[in-house]
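Protein chains in written order, with this note's numbering: chain A, 1 to 95; chain B, 96 to 587. Ideal Cβ placement from N, Cα and C applies to all residues, glycine included. Predicted, not measured: the structure shown is a model, and the values here were computed from it. These notes concern the structure reproduced below.
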């Protein structure tokens, strides 16, 4: 499976990582190589084999739906690059 | 004072209790050595001198009153992947610039509750992605071991942890292991590292890489110290839904060194045609020593072994691409916002500037294998092969109690080693990744020195939640091997 430059553009866009034109060529080559290596999995017969989502042989635990924490606004925004009035500030989204 | 630093964790614990030395003395001896060694070695990203001395003072007060936890007053290094309250936590990434968590990870909290003293935060591969500690934003870590006077990598991703423990800069360091990140650096640095069963250690507050694989574990200079540390770290935590409710044994008490009748499996797939002869020789000697100690050695087969790495390099990047979506320049860390740029510009520029190449590549592979049209062919397929790999172990453990293999395919390499493609570097984890995919406990102990005088590691793998058997077998083998080599150039 060889990745085209357009596909790299699409993946980078999905991953929200800005890549330069030069980087696209580099990633196309490098990721293609890795994907070719991963192709070996197609040799393995997996008909009827279950998908292993987790090794933990447990059902996700249930708990009562009640508030156990809160009033941490200051702590929550403390590490934000920009915050005002206890909220995260981002560039204007809606004109 | 070198003598204090060369003590084992158990000796420090006992000496503190017997008031032979104080925790403050112990912390100061380590801090002085760290400050001297670090400019060259770069094992620590942050040295927390004031915090360490304050914690040590509190420990001394407790000890004076006859109080204190299981490791009261013992100094510890923390891989910088664990959130530590109000202390810079970087995951060795530019994107977490300045991040000081307002909370503490469960694992570090357990260590502090037991009396541990934090020396600082240890360097690692960025977001724990790497096998040589060469992807850190904070620079490479140098192993205290050298080859013909030339610097070597400490392994990765817990490279700072392994280097610091090997150089006597701390008796124990926290590591994390996703595909071998505790065991492989322990092997490269001639020390001990154990990854417990998935679910044993809480993942709360550990910066996530691949959530179905990540586990914390201790890196120490011997098996007893690993057993002591692991008992402190394990246990159920309501804040991690995959943490298991199961009693935690006192692993140290279970170290008898008696392995008479223990069934030890030797998987033939771990001896491929091109195996390094020095590795094969070390492994054979380990097998022989286990026989001499009364163990029953049984040949086994783990038929899907050769597919483990490719499986891992679908599943781990897939999970990382989801986990690392949170780094967006909004809530913490780096923000890059070009003049007049919008929200998407901010996301894309922040992530382009904040992540290193290895991380970006894995995020993109993960994004690709999870994207529409490729999900079935890559991701679902890998999950099915993962089941087969885990099932190989389930079948093998019907016949044996533990499995003995090499930890890594080679000794540590130099910084001039330039793989021709990323896959070549991934091969470092060929012997450790299958255990991770199956969620099983695995330990690496030093097996021998190669002809260059560099350590090679042996790995013991156990049944799920049978860390006790793994540790005891490792303890017996450790006694039999009698490995006592230290790095040639010690930190002063």
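- For residue 54(A), the residues of chain B that pass the 7 Å Cβ criterion are 307, 337, in the order they occur in the chain.
- The segment 259-267 of chain B makes contact with the segment 164-184 of chain B; the number of CB pairs closer than 8 Å reaches 3 or more.
- DSSP places residue 271(B) in the uninterrupted beta strand (DSSP E) bounded by 267-272.
- Rounded to the nearest angstrom, the gap between the Cα atoms of residue 368(B) and residue 43(A) is 20 Å.
- At a cut-off of 8 Å between C-beta atoms, residue 396(B) does not count as an interface residue with respect to chain A.
- For residue 394(B), the enclosing beta strand (DSSP E) covers residues 391-395.
- Among the CB atoms of chain A, none fall inside 8 Å of the CB of residue 453(B).
- Counting only residues of its own chain and dropping the five nearest sequence neighbours on each side, residue 6(A) has no CB closer than 6 Å to any other CB.
- Residue 261(B) and residue 159(B) have their C-alpha atoms roughly 31 Å apart.
- In the DSSP assignment, the residues bridged to residue 544(B) are 550(B).
- Inter-residue distance for residue 467(B) and residue 540(B) is about 43 Å (C-alpha atoms, whole angstroms).
- By the CB criterion at 8 Å, residue 320(B) and residue 566(B) fall outside the cutoff.
- Within the same chain, and ignoring the five residues on either side of residue 101(B) in sequence, the residues whose Cβ sits closer than 6 Å to its Cβ are 263.
- Flagged as an interface residue toward chain B: residue 75(A), by a C-beta distance shorter than 8 Å.
- Taking the Cα positions, residue 370(B) is about 12 Å away from residue 526(B).
- Pairing residue 252(B) with residue 214(B) gives a Cβ-Cβ distance that is not under 8 Å.
- Secondary structure of residue 327(B) (DSSP, three-state): helix.
- Taken in chain order, the whole beta strand (DSSP E) runs of length 3 or more contained in the segment 187-273 of chain B are 212-217, 267-272.
- In this model, residue 410(B) and residue 188(B) are separated by some 22 Å (Cα to Cα).
- The C-beta distance from residue 555(B) to residue 568(B) rounds to 5 Å, short enough to meet the 8 Å contact threshold.
- If you draw a straight line from the Cα of residue 396(B) to the Cα of residue 355(B), it is about 23 Å long.
- In the assembly as shown, residue 85(A) is an exposed residue. Its beta-carbon has fewer than 16 other beta-carbons within 10 Å.
- Cβ proximity to chain A below 7 Å picks out 402, 405, 406, 408, 409, 416, 424, 425, 426 from the segment 400-426 of chain B.
- At least 8 Å separates the beta-carbon of residue 357(B) from that of residue 322(B).
- A Cβ-Cβ contact shorter than 8 Å links residue 447(B) with residue 18(A).
- Only residues of its own chain outside the window of five on either side were considered, and among them 326 have a CB closer than 7 Å to the CB of residue 345(B), listed in chain order.
- Residue 140(B) sits close to residue 233(B), with the two beta carbons spaced by under 8 Å.
- In terms of beta-carbon proximity, residue 144(B) stays away from the interface with chain A, with every pair separated by 8 Å or more.
- In this structure, residue 352(B) lies near residue 570(B), with their beta-carbon atoms less than 8 Å apart.
- In the structure shown, residue 36(A) adopts helical secondary structure according to DSSP, grouped into three states.
- Pairing residue 577(B) with residue 147(B), the inter-Cα distance amounts to about 33 Å.
- Proximity to residue 551(B) across 107(B), 336(B), 508(B), 186(B) peaks at 508(B), based on C-alpha coordinates.
- Restricting attention to 235(B), 275(B), 245(B), 244(B), the CA atom closest to the CA of residue 258(B) is found in 235(B).
- Apart from sequence neighbours up to five positions away, the residues of its chain that approach residue 363(B) with a beta-carbon distance below 8 Å are 394, 395, 396, ordered along the chain.
- Residue state for residue 580(B) is assigned as coil, using DSSP reduced to three classes.
- DSSP places residue 91(A) outside any beta strand (DSSP E), giving it a letter other than H or E.
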